[in-house]
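Asks:
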């Protein structure tokens, strides 16, 4: 079945440093979604990418969808303590009837 | 988007008992899902709750263990039956406000279950 892997599993950064998490799928995806889960909270939708090579920005966050639609990345510029949490990608292949969530990257920002 | 509430927010239960978790949405939605998330892990889909018909379960989850009701388009329940410590987890309901199960999902706050 479809598998979605994320690296790294954990990342510690000093406040102000940049952060990137990578998402890789075993199959071509129709779209990729990103969610953020704060400690003790629930996943919150951030963004959806649909087109090959698409790039979207939300303030300090930049999301990319690979040309082959099998990988994606989330880059945070100049991290802040409010960025702390686990970031999940989620995707579905064309024939899939459900979203598959990635393994997640847990970000810790040290003040 | 959608506003979702879940009850209870947390519970501690004895082995062998059952717990029913409620999920309420502030608008009518077709697609509603139940997930399990163990500490530090990703989300695993248990089933899709279908209004007016039996839920669709994912591999490894069965109706006898996780019966689901979906009496209308704004409400669903998940029961965790005959619980064991291995069932300790966070249970989340979610909805997809688009017409597809792979559309953007909005999650409830979750129910943190501990089984002793």
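Chains as they are written, first to last, in our numbering: chain E, 1 to 111; chain Y, 1001 to 1116.
Glycine included, each C-beta is placed from N, C-alpha and C at the ideal position.
Exposed or buried, residue 87 of chain E, counting other C-beta atoms within 10 Å across all chains shown (16 or more means buried)?
Replies: Its Cβ being crowded by 16 or more others within 10 Å, residue 87 of chain E is buried.
Asks: For residue 1011 of chain Y, name the three-state secondary structure that DSSP assigns.
Replies: Here residue 1011 of chain Y sits in strand by DSSP.
Asks: Out of Y/1114, Y/1004, Y/1086, point me to the one whose CA is closest to residue 43 of chain E's CA.
Replies: Comparing C-alpha distances from residue 43 of chain E to each of Y/1114, Y/1004, Y/1086 shows the shortest one belongs to Y/1004.
Asks: Is residue 20 of chain E helix, strand or coil when you go by DSSP?
Replies: Strand at residue 20 of chain E.
Asks: Starting from residue 56 of chain E, trace the beta strand (DSSP E) in both directions and tell me its first and last residue.
Replies: 55-58
Asks: Which chain E residues sit within Cβ distance under 9 Å of residue 1109 of chain Y?
Replies: 41, 42
Asks: At the 8 Å Cβ level, is residue 1022 of chain Y part of the contact set with chain E, yes or no?
Replies: no
Asks: So residue 48 of chain E and residue 33 of chain E are supposed to be a Cβ contact under 8 Å. How far apart are they, rounded?
Replies: Confirmed, Cβ separation roughly 5 Å.
Asks: Whole angstroms are fine: how far does the CA of residue 1083 of chain Y sit from the CA of residue 1014 of chain Y?
Replies: In this structure, the CA atom of residue 1014 of chain Y is about 7 Å from the CA atom of residue 1083 of chain Y.
Asks: Taking all protein chains shown into account, do 16 or more other C-beta atoms lie within 10 angstroms of the C-beta of residue 7 of chain E, making it buried, or fewer, making it exposed?
Replies: exposed
Asks: For residue 38 of chain E, which residues in chain Y fall below 7 Å Cβ to Cβ?
Replies: Neighbours of residue 38 of chain E on chain Y: none; closest Cβ ~11 Å, over 7 Å.
Asks: With a cut-off of 8 Å, does the C-beta of residue 49 of chain E fall near any C-beta of chain Y?
Replies: no
Asks: Look at the alpha carbon of residue 1070 of chain Y and the alpha carbon of residue 72 of chain E, and state the distance between them as a whole number of angstroms.
Replies: 35 Å
Asks: Looking at residue 1112 of chain Y: is its Cβ nearer than 8 Å to the Cβ of residue 1010 of chain Y?
Replies: For residue 1112 of chain Y and residue 1010 of chain Y, yes; Cβs fall inside 8 Å.
Asks: Which residues bound the beta strand (DSSP E) around residue 1047 of chain Y?
Replies: Boundaries of the beta strand (DSSP E) harbouring residue 1047 of chain Y: 1044-1049, taken from the DSSP string.
Asks: Mind checking if residue 1092 of chain Y is an interface residue toward chain E, Cβ cutoff 8 Å exclusive?
Replies: yes
Asks: Give the secondary structure of residue 1056 of chain Y by DSSP, where H, G and I count as helix, E and B as strand, and everything else as coil.
Replies: Residue state, collapsed to three classes: strand.
Asks: Going along the chain, which residues of the region 55-70 of chain E sit with their C-beta nearer than 8 Å to a C-beta in chain Y?
Replies: Along the region 55-70 of chain E, none of the residues has a CB nearer than 8 Å to a CB of chain Y.
Asks: Taking contact to mean 3 or more Cβ pairs, one atom from each stretch, closer than 8 Å, check whether the region 1016-1034 of chain Y and the region 51-67 of chain E are in contact.
Replies: Taking 8 Å as the limit for Cβ pairs, the verdict is that the region 51-67 of chain E does not touch the region 1016-1034 of chain Y.
Asks: Are residue 1058 of chain Y and residue 1046 of chain Y touching if we call contact CB-CB under 8 Å?
Replies: yes
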